[in-house]
Structure formats: C-alpha cells, structure tokens
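A short worksheet on the structure shown next.
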Amino acid sequence: MKRKKKLSIKAGLPPGTPVYMGTMEKETEISIIDYDPENYQEIQIKNVEECFVYKDKSTVSWINIMGLSNTDVIERIGKGFNLHPLVIEDVLNIHQRPKLEDYRDYIFIVLKMLTYNDKSHEVESEQVSIIPGNNLVLTFQEKGGDVFEPIRTRIRNDKGVIRKKGADYLVYALIDVIVDNYFVILEQIGEEIEGLEEKVLVEPSPKVVQRIHRLKRNLINLRKSIWPLRETLGNFEKMESSLFKSSSLYFRDIYDHTIQIIDTVETFRDMASGLLDVHLSSISNRMNEIMKMLTIIATIFIPLTFIAGIYGMNFKYIPELEWKWGYPLILIVMLGVGVTMMIYFKKKKWL
Amino acid sequence: MKRKKKLSIKAGLPPGTPVYMGTMEKETEISIIDYDPENYQEIQIKNVEECFVYKDKSTVSWINIMGLSNTDVIERIGKGFNLHPLVIEDVLNIHQRPKLEDYRDYIFIVLKMLTYNDKSHEVESEQVSIIPGNNLVLTFQEKGGDVFEPIRTRIRNDKGVIRKKGADYLVYALIDVIVDNYFVILEQIGEEIEGLEEKVLVEPSPKVVQRIHRLKRNLINLRKSIWPLRETLGNFEKMESSLFKSSSLYFRDIYDHTIQIIDTVETFRDMASGLLDVHLSSISNRMNEIMKMLTIIATIFIPLTFIAGIYGMNFKYIPELEWKWGYPLILIVMLGVGVTMMIYFKKKKWL
Amino acid sequence: MKRKKKLSIKAGLPPGTPVYMGTMEKETEISIIDYDPENYQEIQIKNVEECFVYKDKSTVSWINIMGLSNTDVIERIGKGFNLHPLVIEDVLNIHQRPKLEDYRDYIFIVLKMLTYNDKSHEVESEQVSIIPGNNLVLTFQEKGGDVFEPIRTRIRNDKGVIRKKGADYLVYALIDVIVDNYFVILEQIGEEIEGLEEKVLVEPSPKVVQRIHRLKRNLINLRKSIWPLRETLGNFEKMESSLFKSSSLYFRDIYDHTIQIIDTVETFRDMASGLLDVHLSSISNRMNEIMKMLTIIATIFIPLTFIAGIYGMNFKYIPELEWKWGYPLILIVMLGVGVTMMIYFKKKKWL
Amino acid sequence: MKRKKKLSIKAGLPPGTPVYMGTMEKETEISIIDYDPENYQEIQIKNVEECFVYKDKSTVSWINIMGLSNTDVIERIGKGFNLHPLVIEDVLNIHQRPKLEDYRDYIFIVLKMLTYNDKSHEVESEQVSIIPGNNLVLTFQEKGGDVFEPIRTRIRNDKGVIRKKGADYLVYALIDVIVDNYFVILEQIGEEIEGLEEKVLVEPSPKVVQRIHRLKRNLINLRKSIWPLRETLGNFEKMESSLFKSSSLYFRDIYDHTIQIIDTVETFRDMASGLLDVHLSSISNRMNEIMKMLTIIATIFIPLTFIAGIYGMNFKYIPELEWKWGYPLILIVMLGVGVTMMIYFKKKKWL
Amino acid sequence: MKRKKKLSIKAGLPPGTPVYMGTMEKETEISIIDYDPENYQEIQIKNVEECFVYKDKSTVSWINIMGLSNTDVIERIGKGFNLHPLVIEDVLNIHQRPKLEDYRDYIFIVLKMLTYNDKSHEVESEQVSIIPGNNLVLTFQEKGGDVFEPIRTRIRNDKGVIRKKGADYLVYALIDVIVDNYFVILEQIGEEIEGLEEKVLVEPSPKVVQRIHRLKRNLINLRKSIWPLRETLGNFEKMESSLFKSSSLYFRDIYDHTIQIIDTVETFRDMASGLLDVHLSSISNRMNEIMKMLTIIATIFIPLTFIAGIYGMNFKYIPELEWKWGYPLILIVMLGVGVTMMIYFKKKKWL
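Chains as they are written, first to last, in the numbering used here: chain A, 7 to 357; chain B, 7 to 357; chain C, 7 to 357; chain D, 7 to 357; chain E, 7 to 357.
Encoded structure:
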C-alpha cells in the first residue's frame, strides 16, 4: 500500500493527464532487442527518439521501458508510437486492474508482477504494461528486475522457437513468464498455510491469529490481481485482431495456468478461513481444559476448607472438639469427601 | 438516513407526481455554461424561462440546477425541455438507484455523489441527475458543492480537449469527476480499516466492535450506491443512441474505474468481516489469559489455605500442633505443594 | 403461518380442483368500476352473472372480487370469463409464488400484499390476483382493505391520467400501489434495525437475540415474496402480447422500484446478520469484564486469606505470633502483596 | 443411507450391467391399467411377456412395476420394450439423480419419492422411474406404496379429465402427485423448525444442537433431491419431442410448484443456520448469567472472609481484639463492604 | 503434496520443455492391446519405436505408457505420434487441471485418479492422460495400478460390447472406470463423516477438530479434482470432432455420474462445516456444565465458610460464642443458607 500514491490526487484532473502514481523514483532506461530468425541486436538507448526507427521494421522489435517516474519521457514515447493518451495515463497509473484493450493498431495489456516480501510476509505487486503492435512489442515496468531475463537469454541464444516466431509469440512468452511466477508465490503461501495448520492445533495464540489475518489479506490481494487475468486472457480468443491467431494454442495454455492459479487461490482461501475456525475451536478446547482444572481444584477444596472452618470456630460448646479421635475422624471425613468428588469427576470424564 | 423523507409518503400518489424526498430546503439556482471551441459564456439566471433558449443552440449548453426543494420550478424546467413526468419524479425522489434510461430525445442518468462525514464517520450520499440531450446537458443537484468546479475551470481556461468536444464529452467529464471522487472515499475507508487492524489485535474492546460495525454499514451503503453503476455504465456501450459513439473510449475508461472501485469495495468487505473474526479470536485469547491467571492463583492457594485451615481447627488433640518443628515443617510442606503446582503449570505451558 | 391451511390437504386431488387454502371466511363481494375518459360508473353486484356483461364492453371495466372462501362463486366467475381451471385453482391457493403467466386472451398475475403486524412484529402477506383481459381487469383479494382505495379515488375524481388511459394503465396503477406499499414495510423494518443496533451494543440480552431472530425471519419471508417479483415484472418487457406496449415506460418504473426494494432487503439481511455477530462480540466483551472483575478480586484476596490462615494456625511454637509488632507487620505485608497485584493488573491493562 | 448398497460394488463392471443397488428384497409385481375415454381395464400379470401386447395399443396403457430386486425380470421388461441397457441400469441404480433423458422413442424420467420417518426423524427417499412412450407409460418403484393410488381411483371413477387425455396427461398426473407429496414433507420440517425456534431460546441444550444438526442434514438431503427437479421439469419445455406439447400448461404448473418447494427449502436452510447462531447466543447469554452469579457471590464474600481471617489470627498483640465493641464494629464494617459491592454491581447493571 | 515437485522449477523455461513434475522414479513400461471383434493381441514392448506401427492400423490399438520419469522416452513417443510439444509438457506436468483439448487429429484428455490413503487419511491423486486418435488410444500413467485391469479383462474375454465397438467406446470405458472409482472415495469420506457426527456430539476434543479439519481439506482437494471434470465431460457433447458421436449416450452417462459426484461433494462440504459448528456448540455446552458445577459449589460454600470465619475470630467479646446452643444453632443457620441456595438453583434449572 505504501508503495503507491493516493488515488485522490487524480480527482478533478482532465482525463489523459499523465501522472505517475507510484513512488519508485528512477531514471527511465530504454533497451531494445531486435531480431529475426537470422539476426539479433540488443542496444540501450539514451535518447527517446532513437527508438522510433523500430516502428515499421520487418524484424521483431521489443522495446522495454524501465522506470516510470519521468512522465515526460513516457509521454514522448506514447506520442512517438501514436498511443492514445488514455493508454499513457493507464501505463503510469499503477493502480490499474489487469486488462486487455484492443485499439485496432495495437493492443494494450496490463498485468501485475507479484513478489513475496520475505521480511514483511506481504505479497507486493508491480504493474507491467505490454503493448504489442505490428512487429513491435513495447513493455513498461516500474523498476524492472530479472523476470524477463530468461526470455532475453532465449532470444540471444536462439533457444526454443522464439526467434522463428513473430511478435505474438514474444507477447506470449512475456505473459507466460509473469504467470509462471505466480506459482512461486502460491508455493510460498502454501508453505505458510502448512505451517499455520500445525501451529493452530498445537499452540493457538494471538500471534497465530495475526498470521492468519495477514495470510487472508495476502490472499485477498492476490485474488484481486489474478481474477481479472482470467477475463483478460479469455479475451485473446475472442479478439477480432488477427495478431494472435497463429499462437492461440499457446495463449490457451496460459489461460489454463490462470484457471489453475485461481483454483489454488480459492482453495487457499477456503483453507485460510478454515484455519480461523480451527483456531477458535482450539482456544475453546483450551479454555475448557483450564476451566476443568479450576473447577476440580475449587470444588474439592472449597467444601473441605469449609469443614476445617467449622472446627476453627471458637464456640465454647462444640462437643466434637473434645473427642479424643475427633481430629483423625475429621481427616477421614475430609478424605472421604475428596475421594467422592474425584470419583464423580472421573464418571463425568473430566479427569 | 435522516437526510431523507420517508418513502411511505409517496404510497398511493399517482405516478409522475413530483415530490421532493430530501430535507435540503434551498432556493433553486440555475447556472448556465455555454461554449464552443471559440466562445464561452457563463451566466446565472433567475427566471426559469430564460434557459429554454439554450434548447436548440448549436453550441454546447450545460444547465446546472441546484436545489430541488422548490418542486414547482423543477416541474416547469421539465416541461420546458419536454421531459417525461416520470423523469421529473425521479429527479426529485432522491432515493433513486443509479441508473440510465434512454428516452430517445434525451438520456436520463442518475448517480450518487458520496462524501465522508468526518464527524459521524458515515458515508453520505447526494443524488445527481444528468440529462444529456442534443448539444445540451441538464444537471440536477440537491445542494451542489464544488465537485463540478474543476470541470468549470477546464471549460473556462480551455484546458484539455473539453471545449473541442461535444456534449457527450461533457457528460463523460461530469461522470468521471463523480467516480474519481469515490476513490477519495475508498482511501478514507482504507485508512479506517488499517487503523482497526492494529486496534483489534492490540486492544479489542466494545468500542472497536462499534467501529467495525459502522465500517460494515458504510461498506454496505457504498456497495448499494456503486454496484448499479457498473450496469449503468455498461449500458453506454449497448445504447442504440449515437450520442456517445465518439467518446466510447472514454466511457470504457470510467467503466474500468467502476470495476476497480467495486473490486476494492468487495475487498474491503472481505477485510471487514475478517476483522470481526479476528476480534472474536482476540477476545477469546484474552479471556484465556484471564482464566489462566485466575486458575493458577486459585489452584495454588486454595489447597494451601485448606492446609492452614486444618491446623486452625480447635480440636483438643491434634498432635502436630504440639511438635516443636510443626510450624516450619508445615511451611515447607506448603512451599512444596506450591512449587509442585508451578512445575505442573510450566509443563502445561500455562506459565 | 397460521393464516393458511396446510398444503398437504391438496395432495392427491386432481389438478384444477378449486380449494381455498386460506382461513379467511368471508362472503364474496363483487364491485365493478366501469369508465372511459368521459363516463364513470361504480356498482356493487350480488349475482355473479351480472358481471359478465362487462366482458366485451369498449369501456375499461375493473371487477374486484373480495373474499375467496366461497369457492363455488369464484369457480362460476372463472367459467364466465373463460379462465383456465388452473388459474382459478391458483387464485384460491394463496400459497402461490408471485408470477406472471400469459394465457393469450388474458394474463394472470399473482402478487403478495404485505402488512406489518404491529403487535406480533411479524410481516403478514395476502395474495392478490390480477387478471387483465381486453378492456377488462379482474382482481381477487382475500379480505380486501383500503390499499386500492387511492386508485378508486383517482378514477372517481378523474385525477391524473388514469381515465384517459386503458386497462394496461389500470393494471400498472394497481401493481404500483402494491409495490409502493412495500416501502412502508421496509421503513418499519429499518426502524427496528436501527433500534436493535443501539440495543445490541448497550445491553445485549436474550430478548435482543429473540428480536434479531424475528427480524431475520421477517426478512427471509419478505425476500421470498419480493424476489420473484423482479422476474415477474421483468416479464412484462418480454411479453409478446401487445397489451402493455403503450405503458412499458410505467412498468419499467415499477421494475426499478422492485430492484430498489430487493437491494434494500439484501442490505437489511446483511445488517441483520451483522447484528448477531455484534451481539456475540458484545456478550464476549461483557463476559471478559465479568471475568476480569472476578479474577482481580480473587487473585488479590485469596493469597491474603492464605496468609491470614497461616497465622490462624494453632501451632504451639509460631515465633512470629509472639512478636510485638507482628500484627502491624503482617498487615503491611498484606498491603504490599495487594498493591503489587494491583500494579500488575494495571500493567496488564485490566484496570 | 442404510437402505442402499455401496456404490463401490459397481466400480469396474461394464456399463449397462443391471445391478439392483437397493436392499428392498421383494418379488416383482406388475400391474397394468389400460384405458380410453370409454373403456377401462385393470389387471395384475404374473408372466412378464404378457405385458408386451400393450406396446402398440391405441388405448393408454400404464404398466406399473413394483419391486426391483429381481433384476432378471426388469431386464426382460427392458428388452421387451426396446429400452437402452443404460436405462435399465439406471432404473436399478437407485442412487440416481432426478433427471430427464430423451431417447427419441421414449423418455426416461427419474424422480425421488420422499417420506418423513416419524421415528428417526429422517427424510427417506425412494426412486421412481417413469418411462412414457407412445400411448404407454412404464413406472418402476422399489416397494410401491399408495402414493399413486389417488390417480388409479381417478382413472377408475373417470374423475377429472384424466380418461379424456393421453399418456402425457397421465405422466403429468404421476409427477404432480409425487411433487405434491413434497409439500407434506416440508410441512413436517416446518413444524420441527417452529418447535426448535422456541426450544433454542428457552432451553438451549446439547439435545437441541443434535436436533438442529439433524434438521440441517435433512434439508441438505432434501435439497439434493429437489434441486435437479427444477432442471428436469424445465427440460419438458425445451424438449423437441411433441409428446408433451398439448399439456405444457400442466407441466408449467408443476414447474411452478417445484420452484416454490425450492424457495421453501432455501428459506428453511436460512432458518436452520439462524437457529444454530441463536443457540450459540443463548448459550453465551446463559454462561454470562452463571458467571455473573459466581462473580457476585465471590467478590462479596472473599474480601469478607479475608477480614474474618485477619481477626482469626493468633498474634499476641492485636489491639482491636481487646476492644469491647470490636465484634459489632467489625460486623458493621463487613456489612458496609458487602453493601458497597452490591451498589457497585447494581450500577454495573449486573443485578 | 509431497508427491510433487515444486511448480517454481518450471518458471522461466521455454514452453513445451518436457519436465516431469512428479517424484515417482520408475522405468517406463509400454504395453499394447490391439483388438477388433475377431482378434486380440496383448504385448509388452521395450523399444519405443515398436509402437509406431500401431499408428495407422484398422484395428483398435490401446497403448498404455506407465512411468513418466524418463522424459526422453515420453518425448520420443510424442514425436512419433505427432503430438504437440505442449501436450507432452502437460502429460509430464502432473499439476494439470482435468481438461479436454481438441487438436483436430487427436484429443487430449487429462484426468485425476484418486486414492484414499488409509494411513494418513488423505486423498491422493495421480494424473492420467488419455489421447484418443484415429483407431488409437494412448494412455499415460505415473505408476499405474490395477484400475484399468477390469477393462483389460473385458477385452481379453470379449465381455460386454467393448470388442465390437471402436476407440471411442474404449475411451469411454477408461473414463468410466476412473469416475466409478470416485464413488469409492466418497463412500470412505461418507463413513468418516458419519463417525465424526457421533464423536462431535458425544466427546468433542482437539482431536476431533483435527479430524474435521483434515476432512475439510480432503473435500477441498477432491472438489478441485472433480469440478473441472464437469466442464471437461460437458465438452464431449460440444465437440466438433465426429470421433465421439456414436457413443454420446455413454458419455452423457458419465456426465450424469460426475454431476452426482459433485452433488455429493458439495453435500459433504455442507455437512463438514456443519460439524465444526456443532463442535463449537458442544464445547460451549460442556463449558456451561463445568461453570455451573463450579458456581454451585462456590456460591454455596463461600458464604458458609465466611460464617465459619466470623466465629473463628478471636475478639474478646463475641456474645454468641458463649451461648450454650450457639454451635448447633449456627449449624442450622448454615444448613438453611445451603438449602436456600439449592432451591434457588433448582428454580433457575441449574440442577
């Protein structure tokens, strides 16, 4: 949450005003990978205008823009590639919901890249925009990272079929690597759940409640990022654009993965709410134990103390006090009362 | 709730009877902004009839009516612009659900403007009706406020594209500013949730329950205002009317925002009901702590008090009482019982 | 519930057998209102056959039948107007779900009229059947009441447009008045909820649980009556029959009201289940208070009583007892123990 | 549950293998009713082959087969009427879900007949298969019973329209009588709920929990039998077969009943889960009462006992003990402490 | 869970890379059954290439591949039968969701075979891939087992119609045997539920909570395996491929079974969450019992002990102590107090 600016700062601004909503101050880096089955070129450019030459090349060009805080640069890129102002606004507004929009000449895809922060145990998200056009793929990231590195390596080394295929396959590969990454998050959450399942039965405590609560919040956030993905990816099949026809099998594959991820998130949610129920039951069981303990001790000793109290009274004429065997007798009576109580508890299965 | 009249006062009245259902007594103010790319005019009128000249002008006219308590004025406006009696009834009946109705010559849009009352911590809503016709936009507000001010400024200063575009874009800008305002509400509620998340774990109390309950009620009301919006805005795409074709991209943008808001409201609802569960668990944990305390003290001292009680009895023949080391011995026995108990509790992990 | 006969008495009877399922024994009263824009006539008839003359008149005829216990009369009316035996069976079987059935020559509409019984605080329902035909509207009520009175007045006094419009508008007016009445019920329930919201936080008690339970049952019953209404009214738009084309705007208006009512019922349901959660939390909080009280008193005084008990023992040789300052000393020790405990509780925030 | 064989015994058998899955050992009885508007014949046959003559008669023939344990007989009937092996398998497999399957020459309908066992308070179900063909209706029951008796009587006595109509009307009458029977079950469950509503508030106990649990299980089972019915009956309208066109009005009537039954089951489910919540609240309220009692007694008397303990100490020099008015004074002090506590509790509204 | 490799090891690999995700190290065994109505042949082959001759035979060939850890062999089989690389990847990735994909020349079906581990009481799953082509069926299993044995026996012995029908019927038989096996799992879970229902009422304990939790987890996992099956099998009807037209009746039969299984799983889920509620109620009831016990004992004896304490005080002038009948009197007073308390508790129905 703290990684984002308040949404309210945008209220009242004219639509299409480019405002970066994140807090990641970073100089924009533009790197271009240009390839066809035979050739391959990888460059870093300083000047925004240099990348416009890749607009109409017959080779596949992947232009990766990293760092969104310099809105001016992003806006110039948008204009250079004839992107709609609303697209540029959405690229910068990192509160976007995953979505796919068809703008005839290009498609605008918004995705969330998730990372599991090992310290705060929170799932964090970064917005990635992918804009495939004609033989051209633009990608925008906030801070980047090495998630796309495997794809770069594959292009460099001509591994797999990626060099033989077009921009659509590149888009597929980019989305695939993001979605595959979700499985890593799910595994970490799965481990957290397994850990909690044991804790909750063995030693329920406020700390466990706190962890379950955090887990639930993580799952709620995860769900918010992943549910729209299903619809987004489902749209690839319905799209009129012929851009993705040839790799529809691949997109169906990611779609399947997404469904699987959603299934798992839902399963985890079911488990997480089960955990709190089990925690409540565990606590109740414990309370029961404690109360039993208290009740047994109190119900045995309170009557005995009362008996002792009687013979502690200072009345002049208490005949029993004069008896020679009074003391041992009363001890035996007390023992009798105690044992009777114990038997009663045993019968009630409290002991 | 108290800002509205009872719905029951309308039961039995013929349909189309204009009854103002709010409690905001206020003289009706009519302000007109008339513009095209070159010219711009802003006037306040006193006489209702003066605004009818803007009916068929080729420039875009935005007629804003503020204050609905004078039903007579509203009715005259309705007749002047040929609005259906049911429309006027709905403008005045501020219990309306957000909706969009296509009346061929004009469209009738009902929205809710939300404000977060910082004192009562309640979300309050005000009904806004927007009626776009041919080069004409009528807006009805109960008390107004400055929510539309940024748009007026944009028109005045020719900022953005608003002066270049038609009435449809104005409608878009009006709805956009209302929807953007929802994000502000959501942020305030988000902060309330964050505050409660801490409270609920650290110091659960009846006051916290009250706040959670209020939060839930706010979310229920919010949801009631926002859910129908989705459908309403979804209708723009399906509308036969060609009025909004040219700005469909913009309406899709608001639609996206609405989905995002609904997502957030649902997420908040999930979190809010989680809060009550966590509260219950916290309370149970606390109760456990208290009971443990009581049980430990009671189970240690009750048996000891019993032992003391025995030797407080006044029997004539209690041999132990005569022993020289009787007193220290019994103290040691008591210490032994106490320590044994402590060890037992330690083993049970109660200490 | 007690106002209805058991459904089981119908099991095994041939379909179309007219059996009155209510318990409202009442002679059937038939009143006819016949009108066109110019003329107006209102009569009460005794003989069933008298009403058949209104079957094919060009004026609008509204025949209201009150009292269903005389099944013979109802059956004769059914035959006289060529109604299907299943329709007559359904008119008499007051367990019907709200519905709309198109029988070509006429339409069969079943609605529920709701009243809030101020004594038992239960929502009660009465079945109303409306059968519009060609220039003819039949209505069947169990006991009648004054719910339709405003419409009669409007027809009599030629108020609004009702006399100018046809039978379809009359049907609309009848349904409208029934649906408007639901808002009255909702308001009464809304007040009950507001009352309970305060009670539940301030003084949770078994009586409050009972009231919440009754509230929930009322909402369940309300929902059962109102949900099918949505579908029923939605069917007006889809109907092939041209009977209602001209007043479709009006029916859309009732449809909107119904949606609004359903929204409110769902909101109330959410609130009602929230109430029980808050009640449980309140009770838990209270229990906590009580337990704290008990624990503080017990943990302070039990150890002190134990100390007093020690020096109440009758051992011959207890040196402390001989000390001159023994008594004040032990009092100071006791005070010390008590104060220490208090400080401990203060630190634990129990005080 | 115990009335059925394990489903696992079928695993691995080739499809279409006829295995009776029930435990109702009973000789198969075949009874035939053959009728047209003028004639009527009712016979019991011993030899399976005798019934094949009714296959192509122009009169309506209703062949009722009672007792499924003799799979050989059932199989021969299946072959005689050219039924698909899967149909025969499903007739015998009484675990079937209610369904309707169109096999061109005939239709295969599976329904559940429900009975409320007054001893175990469990809802029990029996499978009924109805196979309408051309002028022919086959029905299969496990043990039979008198549920179809009213229809036989109607045919015998030419009551209602049944003799005048075809096989489709007979099918309708058979389904109608089964569905009508559900209302009887619902009434018995409704009474159970009303009884529990009172119990739960007045005397919550483990037995009540048990009854609520049984109620919920009954409703779950009921729902399982009734939900698929909606779809099944809905299919009658969509069916291509012209078999049921003429009595579609009647099937719509049963469909309405089914919806009503489903509504009621859902309502009951809502009520049943409400009951457990109320039970928990009642128990909590009771616990509160008990704890208050304990706390009041303990917090009043424990300090008093402590005071008495002090003056029971045997210190040599306790000046108060020597005072003449020491005893009455201390009694007054004790009374003062007690009364103060009482006032405190009164203020806290515990008394 | 432990039977599977982490999903994360695949992140970043190019799509279509065959990676076995299970942990079942096993040499691949290939067995072929080739048959037509007259002939039958069953062989085990060592060399992968030997099985390619069955690709275009006019007889039905069933090639069963057991053991997936040798990815090289699986890949060669894939290439030999022209399977898409994504298919081979999915065969090896045993985390797949049940699905059906139409690849024109062949169909790719993924199913889960479930087993109930009697020791850990967990439901375990194994992935089975079925790939029907032209007169050819490929099946891939991880470890195999005897689940397909009944089908082999049926083919061998020419039992049922299997030899007379084509590859589609074989596919049906394979799926049927897997789905039938689910009933066995459901029965075992059903027994577990019945056992728990008794336990939960009679002796609620942490162990019961643990078992309920495990049960819920099993049901969640079961649901995850079975829900997609519905869609998968529903797809058979929609498929364009004419491969399955002739046995559509049979697939409808499995579809019905699947619906039945889903119904049962949902019913079980309802029951399982009911169990936890009942457990909580049982625990609360028990706590109530314990608290009553404690309160009765304490409220009776604490006041009595106080009275005894008073007359244990050592004041010089306590007149009662001198009375001759003081002691018996005080005993009678104590008895009176005790009996009064008892009567009070009786009236409160605590005894």
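No residue lacks a Cβ here, since even glycine has one placed at the ideal position from N, Cα and C. Being a predicted model, the structure only gives us computed values, none of them experimental.
Please return the same chain residues whose Cβ sits closer than 7 Å to the Cβ of residue 285 of chain C, not counting the five positions on each side in sequence. The residue labelled residue 285 of chain C in the question sits at position 279 within the third sequence. In chain order, 206, 210, 214, 215 and 218 place their CB closer than 7 Å to the CB of residue 285 of chain C, counting only its own chain and leaving out the 5 sequence neighbours on each side.
Span of the alpha helix (DSSP H), counted from its first residue to its last, around residue 194 of chain D: The sequence position of residue 194 of chain D within the fourth sequence is 188, counting from 1. Taken as a continuous stretch (DSSP letters only), the alpha helix (DSSP H) holding residue 194 of chain D covers 173–208.
Give a single yes or no on whether residue 161 of chain B has its beta carbon closer than 6 Å to a heavy atom of the ligand SAM. Among the components of this structure there are no ligands whatsoever, and the ligand SAM is therefore not found.
Of the residues C:106, C:61, C:24 and C:319, the one placed nearest residue 75 of chain C, counting alpha carbons only: Within the third sequence, the letter at position 69 stands for residue 75 of chain C. Ranking C:106, C:61, C:24 and C:319 by Cα distance to residue 75 of chain C puts C:24 first.
Taking 8 Å as the cut-off, does the segment 102–110 of chain B touch the segment 167–182 of chain B (at least 3 CB pairs, one atom from each stretch)? No, the segment 167–182 of chain B does not touch the segment 102–110 of chain B.
Residue 306 of chain E and residue 347 of chain E - do their beta-carbons sit closer together than 7 Å? In the fifth sequence, the residue the question calls residue 347 of chain E occupies position 341. In the fifth sequence, the residue the question calls residue 306 of chain E occupies position 300. The Cβ atoms of residue 347 of chain E and residue 306 of chain E sit closer than 7 Å to each other.
Does residue 120 of chain E pass the burial test, meaning 16 or more other C-beta atoms within 10 Å, or should it be called exposed? What you label residue 120 of chain E is simply residue 114 of the fifth sequence in a count that begins at 1. Around the C-beta of residue 120 of chain E, 16 or more other C-beta atoms lie within 10 Å, and the residue is accordingly described as buried.
Helix, strand or coil for residue 120 of chain A per DSSP? In the first sequence, the residue the question calls residue 120 of chain A occupies position 114. Look at residue 120 of chain A here: in three-state DSSP terms it is strand.
Helix or strand or just coil, what does DSSP make of residue 233 of chain A? Start at 1 with the first residue of the first sequence, and residue 233 of chain A comes out as number 227. Note: residue 233 of chain A maps to helix in three-state DSSP.
Since residue 299 of chain E meets chain A, which of its residues come closer than 7 Å, beta carbon to beta carbon? Stepping through the fifth sequence from its first residue, residue 299 of chain E is reached at position 293. The contacting residues are 301 and 305.
Consider the Cβ of residue 311 of chain C: report whether some Cβ of chain D lies at a distance smaller than 7 Å. Locating residue 311 of chain C in the third sequence gives position 305, counting from the first residue. Taking CB atoms only, residue 311 of chain C has a neighbour in chain D less than 7 Å away.
Can you tell which of D:193, D:91, D:338 and D:233 has the C-alpha that lies nearest to the C-alpha of residue 255 of chain E? In the fifth sequence, residue 255 of chain E corresponds to position 249, counting from 1. When the alpha-carbon of residue 255 of chain E is set against those of D:193, D:91, D:338 and D:233, the nearest one is in D:91.
From which residue to which residue does the beta strand (DSSP E) around residue 105 of chain D run? Numbered from its first residue, the fourth sequence carries residue 105 of chain D at position 99. Where residue 105 of chain D is concerned, the enclosing beta strand (DSSP E) stretches over 105–108.
Name the chain B residues that come within less than 8 Å of residue 293 of chain A, Cβ to Cβ? Against the first sequence, residue 293 of chain A aligns to sequence position 287. Within 8 Å Cβ-Cβ: 290, 293, 294 and 297.
Please state the DSSP three-state secondary structure of residue 7 of chain C. One-based indexing of the third sequence puts residue 7 of chain C at position 1. Any reading at residue 7 of chain C must be qualified, since the residue scores a pLDDT of 40, below 50, and its modelled position is unreliable; no value is offered.
C-beta contact flag for residue 297 of chain C and residue 296 of chain B at 7 Å: The residue given as residue 297 of chain C occupies position 291 in the third sequence. The residue given as residue 296 of chain B occupies position 290 in the second sequence. The beta carbons of residue 297 of chain C and residue 296 of chain B sit closer together than 7 Å.
Separation of residue 301 of chain B from residue 264 of chain E, as counted between CA atoms: What you label residue 264 of chain E is simply residue 258 of the fifth sequence in a count that begins at 1. What you label residue 301 of chain B is simply residue 295 of the second sequence in a count that begins at 1. Rounded to whole angstroms, residue 264 of chain E to residue 301 of chain B spans 54 Å at the Cα level.
Give me, in chain order, the residues of the same chain whose beta-carbon lies closer than 6 Å to that of residue 42 of chain B; leave out the 5 immediate sequence neighbours on both sides. As a working note, residue 42 of chain B is residue 36 in the second sequence. Counting only residues of its own chain and dropping the five nearest sequence neighbours on each side, residue 42 of chain B has a CB closer than 6 Å to the CB of 65.
Distance check for residue 62 of chain D and residue 117 of chain E, CA to CA, integer angstroms please. Within the fifth sequence, the letter at position 111 stands for residue 117 of chain E. Within the fourth sequence, the letter at position 56 stands for residue 62 of chain D. Between the alpha carbons of residue 117 of chain E and residue 62 of chain D lies a distance of about 45 Å.
Against chain C, which members of the segment 129–146 of chain B pass a CB distance test of less than 9 Å? Those would be none; no residue qualifies.
According to DSSP, residue 47 of chain B sits in a beta bridge with which residue or residues? The sequence position of residue 47 of chain B within the second sequence is 41, counting from 1. Residue 47 of chain B is bridged by DSSP to B:40.
Since residue 290 of chain A is in the beta strand (DSSP E), which residue starts that stretch and which ends it? Here the question's residue 290 of chain A lines up with position 284 in the first sequence. Looking at the DSSP string, residue 290 of chain A is not in any beta strand (DSSP E); the run it does join, the alpha helix (DSSP H), is 254–316.
If we ignore side chains and look at the alpha-carbon of each, how far apart do residue 16 of chain C and residue 38 of chain D end up? On the third sequence, residue 16 of chain C is found 10 positions in, with the first residue counted as 1. On the fourth sequence, residue 38 of chain D is found 32 positions in, with the first residue counted as 1. Those two C-alpha atoms are separated by around 26 Å.
Specify the secondary structure class of residue 1 of chain D as computed by DSSP and reduced to three states. Past the boundaries of the shown model lies residue 1 of chain D; chain D is included only from 7 to 357, so the question cannot be answered.
Going along chain A in order, which residues have a C-beta closer than 8 Å to the C-beta of residue 232 of chain E? Counted from its first residue, the fifth sequence places residue 232 of chain E at position 226. Within chain A, no residue comes near residue 232 of chain E; the closest Cβ sits about 12 Å away, beyond 8 Å.
Between which two residues does the beta strand (DSSP E) harbouring residue 71 of chain A extend? Locating residue 71 of chain A in the first sequence gives position 65, counting from the first residue. It spans 66–72 - the beta strand (DSSP E) in which residue 71 of chain A sits, taken as one unbroken run.
Separation of residue 125 of chain D from residue 99 of chain E, as counted between CA atoms: The residue given as residue 99 of chain E occupies position 93 in the fifth sequence. The residue given as residue 125 of chain D occupies position 119 in the fourth sequence. Cα-Cα distance, rounded: 53 Å.
Quick one, are the C-beta atoms of residue 271 of chain B and residue 202 of chain B less than 7 Å apart? Taking the first residue of the second sequence as 1, we reach residue 271 of chain B at position 265. Taking the first residue of the second sequence as 1, we reach residue 202 of chain B at position 196. Not a contact, by the Cβ cut-off of 7 Å.
Checking 7 Å against the spacing of the C-beta atoms, do residue 157 of chain A and residue 183 of chain A come in under that value? Along the first sequence, one-based indexing puts residue 157 of chain A at 151. Along the first sequence, one-based indexing puts residue 183 of chain A at 177. Yes, they are a contact pair.
Leaving out five residues before and five after residue 9 of chain B in sequence, what residues of the same chain have Cβ atoms less than 8 Å from its Cβ? Here the question's residue 9 of chain B lines up with position 3 in the second sequence. Per-residue confidence for residue 9 of chain B stands at a pLDDT of 49, beneath the threshold of 50, marking its modelled position as unreliable; the derived number appears in the next sentence. Result list for residue 9 of chain B: 28, 29, 30 and 130, in chain order.
Going by DSSP in three states, residue 166 of chain A sits in which element: helix, strand or coil? What you label residue 166 of chain A is simply residue 160 of the first sequence in a count that begins at 1. Looking at residue 166 of chain A - three-state DSSP - the assignment turns out to be coil, as it is neither helix nor strand.
Give me whichever residues DSSP pairs with residue 102 of chain E in a beta bridge. Here residue 102 of chain E refers to the residue found at position 96 when the fifth sequence is read from its first residue. According to DSSP, which records beta bridges pairwise, residue 102 of chain E is partnered with nothing at all.
Taking the continuous alpha helix (DSSP H) assigned at residue 325 of chain B, which residues delimit it? Here residue 325 of chain B corresponds to residue number 319 of the second sequence, with the count starting at 1. 325–328 is the extent of the alpha helix (DSSP H) around residue 325 of chain B.
Residue interval of the beta strand (DSSP E) (run including residue 59 of chain B): Taking the second sequence and counting its residues from 1, the one referred to as residue 59 of chain B is at position 53. Neither: residue 59 of chain B is in no beta strand (DSSP E) and is coded neither H nor E.
Between which two residues does the beta strand (DSSP E) harbouring residue 136 of chain E extend? Locating residue 136 of chain E in the fifth sequence gives position 130, where the first residue counts as 1. Membership of residue 136 of chain E in the beta strand (DSSP E) is indicated by the continuous run 128–139.
Please confirm if the segment 49–58 of chain E is in contact with the segment 75–89 of chain E, defined as three or more CB-CB distances below 8 Å between the two stretches. The segment 49–58 of chain E makes contact with the segment 75–89 of chain E: 3 or more CB pairs, one atom from each, lie closer than 8 Å.
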